[in-house]
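Data first, discussion second: the structure below is written as C-alpha cells.
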Amino acid sequence: MTESAADRELVITRMFNAPRERVYQAFTDPDLLSRWFGPVGFSVPRETIDFDMRVGGLQRFVMVSDEDPDFKSAVNATFTEVAENERLSGTETWEDGTMDLSFEFHDEDGGTRLVLRQGPYTEEMEAMAREGWESSFTKLDALLA
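Under the working numbering, the residue at position 17 of the sequence shown is numbered 17, and the numbers go up by one with no gaps.
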C-alpha cells in the first residue's frame with residue numbers, strides 16, 4: 001500500500017519537567033503562549049492572540065519572523081474538545097485546507113508527558129512541522145524552568 005500525497009500524521013511525545021496543570025496553562029493562557037510558541041526565530045505578539053476556550057470556540061494568533069517582520073503565519077483553529085488539564089483538540093484552517101490537531105497532557109514521573117497529533121501532512125511537510133514543534137518545545141522548556 002502506498003502513502004498518498006498528504007496522509008501522514010505527525011505524532012510527537014515530549015516530557016516536560018513541570019506539573020500537568022502548568023503545561024496545560026502554557027497552551028491556554030495567551031500571556032504564556034506569546035512567550036514560547038513558534039520555532040526559534042519566530043514570535044507571537046500578545047496582541048494577535050484571541051482564545052475562546054470552549055468546544056466550538058476559536059483560537060487565533062500570528063507567528064512573526066524575528067528576522068523579517070513582514071513574514072507572518074496565521075493560526076486559525078476551532079476547538080472540538082476542551083478537557084481542562086487533559087486534552088485539547090481542534091481543526092486548523094488556512095487557505096489551502098484543514099488539519100486536525102490534538103494535545104494530550106499526562107502525569108508521568110513527577111512531570112508531564114505531552115502527546116501531540118497533527119495532520120494530515122505530506123512527508124516533507126511532516127518533517128518541517130516536527131522540526132518547528134521541537135524548536136517551540138525547547139522554548140517552552142525554558143519558560144517552564
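The C-beta atom is built at its ideal place from N, Cα and C for all residues, glycine as well.
In chain order, each alpha helix (DSSP H) run of at least 4 residues that lies wholly inside the segment 79-122: If only uninterrupted alpha helix (DSSP H) runs of at least 4 residues are considered, none is enclosed by the segment 79-122.
Outcome for residue 110 when other beta-carbon atoms lying within 10 angstroms are tallied against a minimum of 16: By one-based count along the sequence shown, residue 110 stands at place 110. Sixteen is the threshold: since fewer than 16 other Cβ atoms of the shown chains lie within 10 Å of the Cβ of residue 110, the residue is exposed.
The segment 89-107 contacting the segment 32-41, beta-carbon criterion three pairs below 8 Å: No, because fewer than three Cβ pairs between the segment 89-107 and the segment 32-41 fall closer than 8 Å, the two stretches do not touch.
Cβ-based neighbour list, residue 128, same chain, cut-off 6 Å, excluding 5 preceding and 5 following: Here residue 128 refers to the residue found at position 128 of the sequence shown. Answer for residue 128: no residue qualifies.
Buried versus exposed, by CB contacts within 10 Å (16 or more), residue 142: As a position in the sequence shown, residue 142 is number 142, starting the count at 1. With fewer than 16 Cβ atoms within 10 Å of its Cβ, residue 142 is classed as exposed.
Secondary structure of residue 142, DSSP reduced to three states: Translated into the one-based positions of the sequence shown, residue 142 becomes position 142. Under the three-state reduction of DSSP, residue 142 is assigned to helix.
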